[in-house]
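So the sequence shown is numbered by this note's numbering: it starts at 102 and just counts up by one. For reference, the structure is listed below as structure tokens.
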Amino acid sequence: MEKAIAAINKLKSLNLETTDYLNILEIVKGIGKNFPAISMRLRAGQSIYRARFHGENDRFYFDQDLKYKTDVHNVKNPGRANPAISTAFYGSISTETIKDGFLISAQEGSNLIRNGKNGIETLTIGKWVLKRDMYVPIMLDTVNYRFQSESIDKMYQDFIKIIKEHKSSEEFKKIISFVAGEFAKPVKKGNEHEYKISAAISERLLDKGSCGIIYPSVQTKYQGYNIVLSPYVVDENLLLDQVIIAQQHVDGDNILFPQFEHAELVYPFDRQPLIYNQLDDSYKAGFKKPLPNIEH
């Protein structure tokens, strides 16, 4: 346990902009088997939403375009849960507070919201469903930031009760707080080096057999949560169900979400491109009623 706390103290002291990622990964390994986490069971049929931002006239025609990046040599910077020169699937899940999970993904991926700017962004959102149940660890510390989910908060409180019975309960809490904080800190575009620690923790967890990681959505002020999955898990356990094209109009805290097109899915995806159809004008006025094609 002392080694794990020493590793955390070392990570806290680093200049992330100048420290090599591999050095950070080695320090993260010092946390070892002492890493405590709770897991959420995601059942078959669970919806996961992934947004991809693009030019107004661009279109994605195959399911692979909506999965994860395959040109990893162009991934120059780390992400929240992946190191540079690697790829992962980033999505979002509906919560008690934000029942439309696609809105979480749309806000989470927004450069306008991240950098406090106004404007309009065009994006495509894919709704994916799980084929089989899976358990995913959650990076959650409700002591330092309150997650807006009663079900997860209850899991966390039960988890803390178990930890309190351990002789190293205070050390465990320190580890939870540090790791969860790395997954919950705001990072502006251009400061991606701030992701190095959470990326290293993610790499470590995925290498040890975790199918993914759930963590709070910074962009929604922790009212939603995100999920990152390895490419293998996505290929084996996710099925594309629905697709829409929309725009996100950001004006301070006011956000409109007009939708323009939805796609017809023709199997098999690898040979049959998506066919897009225009939505009626009522959807173009903003997010006013349930989408005809994106369901909870």
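We put the beta carbon where it would ideally sit given N, CA and C, even for glycine. Given the structure is predicted, the values throughout are model-derived calculations rather than measurements.
Taking residue i as part of the alpha helix (DSSP H), name the residues at either end of that continuous run.
i, result
"LYS461", "Any question about residue 461 goes unanswered here, given that the chain covers just 102 to 397."
"GLN343", "No alpha helix (DSSP H) holds GLN343; the beta strand (DSSP E) holding it covers 339-352."
"TYR212", "As written in the sequence, residue 212 is Asn, which differs from the Tyr given in the question. 212-215 is the extent of the alpha helix (DSSP H) around ASN212."
Are the beta-carbon atoms of residue i and residue j separated by less than 8 Å?
i, j, result
"LYS168", "PHE190", "yes"
"GLN147", "THR223", "no"
"TYR316", "ARG160", "no"
"THR321", "ILE132", "no"
"ALA281", "ILE125", "no"
"ALA285", "LYS232", "no"
"TYR162", "PRO374", "yes"
"MET235", "LEU143", "yes"
"ASN178", "GLU293", "yes"
"ASN106", "LYS275", "Reading off the sequence, residue 106 comes out as Ile, not Asn. Against a cut-off of 8 Å, the Cβ pair of LYS275 and ILE106 comes out as a contact."
"CYS312", "VAL334", "yes"
Using CA atoms only, rank isn't needed, just tell me which of the options is closest to residue i.
i, options, result
"LEU115", "ILE298, HIS363, TYR150", "ILE298"
"GLU295", "ASP121, MET102, ALA105", "ASP121"
"ARG153", "TYR257, VAL129, SER193, ASP234", "SER193"
"ALA138", "LEU341, LYS200, GLU293, ILE264", "ILE264"
"HIS363", "HIS350, ILE356, ILE346, ASN355", "ILE346"
"ILE328", "ILE314, LEU339, LEU341", "ILE314"
"GLN343", "TRP229, GLN165, SER303", "TRP229"
"MET141", "TYR257, LYS177, LEU339", "TYR257"
"ILE253", "ARG151, TYR323, LEU380", "TYR323"
"LEU213", "LEU380, PRO359, ASP354", "ASP354"
"PHE361", "GLU157, GLU251, VAL351", "GLU157"
"GLU304", "VAL129, GLN165, LYS104", "VAL129"
For the beta strand (DSSP E) holding residue i, just list the boundary residues, first then last.
i, result
"GLY313", "313-317"
"ILE356", "355-357"
"GLY202", "Here GLY202 belongs to no beta strand (DSSP E); instead the alpha helix (DSSP H) covers 202-209."
Quiz prompt | Runs of alpha helix (DSSP H) wholly within the stretch 113-164 (minimum 4 residues, chain order) | solution = 122-130
Quiz item: Can at least three beta-carbon pairs, one atom from the stretch 174-185 and one from the stretch 105-115, be found at a separation below 8 Å?
Solution: no
Quiz prompt | Segments of 4+ residues assigned as alpha helix (DSSP H) that fall wholly inside the stretch 268-321 | solution = 270-285, 297-308
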